[in-house]
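Working notes for the structure below.
Protein chains: 2
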Amino acid sequence: MQDRRVLRGESLLFLTDDQLLQGIELMFFAYRGFTSDPDKILDNHTYGRAHHRAIHFVHRQPGTTVNNLLDILGVTKQSLNRVLRQLVDDGLIESRVGERDRRERHLYLTQAGVALESELSATQRKRMREAYKAAGPDAVQGFRTVMEHIMDPEMRRHVNSPKRD
Amino acid sequence: MQDRRVLRGESLLFLTDDQLLQGIELMFFAYRGFTSDPDKILDNHTYGRAHHRAIHFVHRQPGTTVNNLLDILGVTKQSLNRVLRQLVDDGLIESRVGERDRRERHLYLTQAGVALESELSATQRKRMREAYKAAGPDAVQGFRTVMEHIMDPEMRRHVNSPKRD
DNA sequence: CAATTTATGTCAGTCTTGTTGACTTTCCAA
DNA sequence: TTGGAAAGTCAACAAGACTGACATAAATTG
Chain A
4 MQDRRVLRGE
14 SLLFLTDDQL
24 LQGIELMFFA
34 YRGFTSDPDK
44 ILDNHTYGRA
54 HHRAIHFVHR
64 QPGTTVNNLL
74 DILGVTKQSL
84 NRVLRQLVDD
94 GLIESRVGER
104 DRRERHLYLT
114 QAGVALESEL
124 SATQRKRMRE
134 AYKAAGPDAV
144 QGFRTVMEHI
154 MDPEMRRHVN
164 SPKRD
Chain B
4 MQDRRVLRGE
14 SLLFLTDDQL
24 LQGIELMFFA
34 YRGFTSDPDK
44 ILDNHTYGRA
54 HHRAIHFVHR
64 QPGTTVNNLL
74 DILGVTKQSL
84 NRVLRQLVDD
94 GLIESRVGER
104 DRRERHLYLT
114 QAGVALESEL
124 SATQRKRMRE
134 AYKAAGPDAV
144 QGFRTVMEHI
154 MDPEMRRHVN
164 SPKRD
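Listed below in structure tokens is the structure:
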């Protein structure tokens, strides 16, 4: 039983289980490499990936609320709270009571927070930059397209939208 | 200070920090989606991602040794051993003493192991297949190229090499 | 205005999965 | 043949997820 598109000449060989298996392994190994650089830095600060994620998204959306962060990170509030408490205590994140709604806490990086974010981000941007440069713009566009389809659709809106090329 | 290539007309705008930031977030969200389906299945078996990874690579390389698996997975042998012990105890993996070198253990999936592997793999292949199908073959090629450059170079040899398209 | 809902924070306990350290068995080479 | 290296195992600990219960304050609703 063959796919009709194959019969019409559109090769679907990129959809064989073998190719998909490769994709699965690419995800595994690429993600490992991707997280390895920041992990080394975080070790020196007795922080973990959870702290990095919080710092990253507070940096990208200054003033974001705890609830919004929960939505983005997909962890429990207890888990996020532990991390945020440490970062606030250590003076990397500032938590301001909301003006309009005083139940909300709006989160901002302090100067020290920005410094650590830069350090962490620099290693990851370096890795991405080198990969992008080696692969070229067309490959990067393909990468984006595939990645957006791999993620859960409702998460796409959380992805940074760069100014058009 | 502008890159010479920009002056020569080759747009390097896909290398702006904004674009790289997007790449970083694509990695984060795509990986989360990618692991979410198997995670649900694993919960019912009181297993975690570590078990999935072991099962995956034993399936792909039957007879692989613990040491080889350690190299692929990048964890400590103690960490891997705990996972393997459970899987062996539960009858999903068979561990055979090496014939040439009796220090080595060669790992194989049992029938039950193959069954769980299929179940886990099916959800991930489905996700990849749909993403690949939606993105098309050229995008997939770009995806591969970028992912291979993101990972640590010495890991590339561990990625499944499908038969040519 | 009272009752309910929402946003956040906290305490306690569990689980997975990583770590280090110490140990056994086996192999191999001096 | 013996001593070191390699492969694997056992034990204990830590980080960071999780659930569940509860607390507080502020906003919203009937």
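Protein sequence lines correspond, in order, to chains A and B.
Under our numbering, the first residue of the first sequence carries the number 4, and numbering increases by one thereafter.
Under our numbering, the first residue of the second sequence carries the number 4, and numbering increases by one thereafter.
No residue lacks a Cβ here, since even glycine has one placed at the ideal position from N, Cα and C.
Treat the numbers as computed from the prediction; the structure is a model and nothing was measured.
Close Cβ partners of residue i (< 7 Å) along its chain, the five nearest in sequence each way excluded
i         : result
A:Asp-40  : Thr-126, Gln-127 and Arg-130
B:His-161 : Ile-75
A:Ser-98  : Val-91, Arg-108 and Leu-110
A:Glu-151 : Arg-159
B:Thr-38  : Arg-52
Rounded distance between the beta-carbons of residue j and residue i, thought under 8 Å
i         : j         : result
B:Val-86  : B:Ala-115 : So it is not a contact: roughly 16 Å between Cβ atoms.
B:Asp-92  : A:Asn-163 : Not quite, the Cβ-Cβ distance comes to about 45 Å (not below 8 Å), so this is no contact.
B:Tyr-34  : A:Tyr-34  : 5 Å
B:Ala-118 : A:Val-149 : Not quite, the Cβ-Cβ distance comes to about 29 Å (not below 8 Å), so this is no contact.
B:Arg-147 : A:Leu-23  : 12 Å between Cβ atoms; not a contact.
B:Met-154 : A:Phe-17  : Not a contact, Cβ separation roughly 20 Å.
Sheet register partners of residue i (DSSP bridge)
i         : result
B:His-109 : B:Thr-68 and B:Arg-99
Contact list for residue i against chain B, beta-carbon separation under 8 Å
i         : result
A:Ala-138 : Gly-145, Thr-148, Val-149 and His-152
A:Arg-130 : Ile-153
Coarse secondary structure for residue i, derived from DSSP in three states
i         : result
A:Ser-164 : coil
B:Met-131 : helix
B:Leu-16  : helix
A:Met-154 : coil
A:Asp-92  : helix
A:Gly-26  : helix
A:Val-61  : helix
A:Val-149 : helix
B:His-55  : helix
B:Val-78  : coil
A:Tyr-50  : coil
B:Gly-139 : coil
B:Asp-21  : helix
A:Asp-42  : helix
Under 8 Å from the C-beta of residue i: neighbouring residues of chain A
i         : result
B:Val-162 : Gln-25, Glu-28, Leu-29 and Phe-32
B:Arg-99  : Correct list: empty, because the minimum Cβ distance to chain A is about 24 Å.
B:Gly-36  : Ile-153, Met-154, Asp-155 and Met-158
Same chain, Cβ closer than 8 Å to residue i, neighbours up to 5 away in sequence not counted
i         : result
A:Leu-45  : Gly-51, Arg-52, His-54, His-55 and Leu-123
B:Pro-165 : none
A:Gly-36  : Arg-130
A:Thr-113 : Gly-94, Leu-95, Ile-96 and Glu-97
A:Gln-3   : Outside the shown range of chain A, which is 4 to 168, sits residue 3 of chain A, and nothing can be said about it.
A:Lys-80  : Val-69 and Leu-73
B:Arg-103 : none
A:Ala-138 : Phe-146
B:Phe-60  : Thr-67, Leu-72, Ile-75 and Leu-76
Listed by chain order, chain A residues near residue i by CB distance under 7 Å
i         : result
B:Pro-165 : Thr-19, Asp-21, Gln-22 and Gln-25
B:Ala-134 : Val-149, His-152 and Ile-153
B:Gly-77  : Arg-35
Listed by chain order, chain B residues near residue i by CB distance under 7 Å
i         : result
A:Gln-127 : Ile-27
A:Ile-141 : Sequence inspection shows Asp at residue 141 of chain A; the Ile mentioned does not correspond to that position. Correct list: Gly-145.
A:Ala-118 : The premise fails here: A:Ala-118 is roughly 16 Å from chain B at the closest Cβ pair, so nothing lies under 7 Å.
Residues near residue i by beta carbon distance below 6 Å, same chain, minus five either side
i         : result
B:Val-78  : none
B:Glu-107 : Thr-68 and Gly-101
A:Ile-58  : Glu-120
B:Pro-65  : Tyr-111
B:Arg-132 : none
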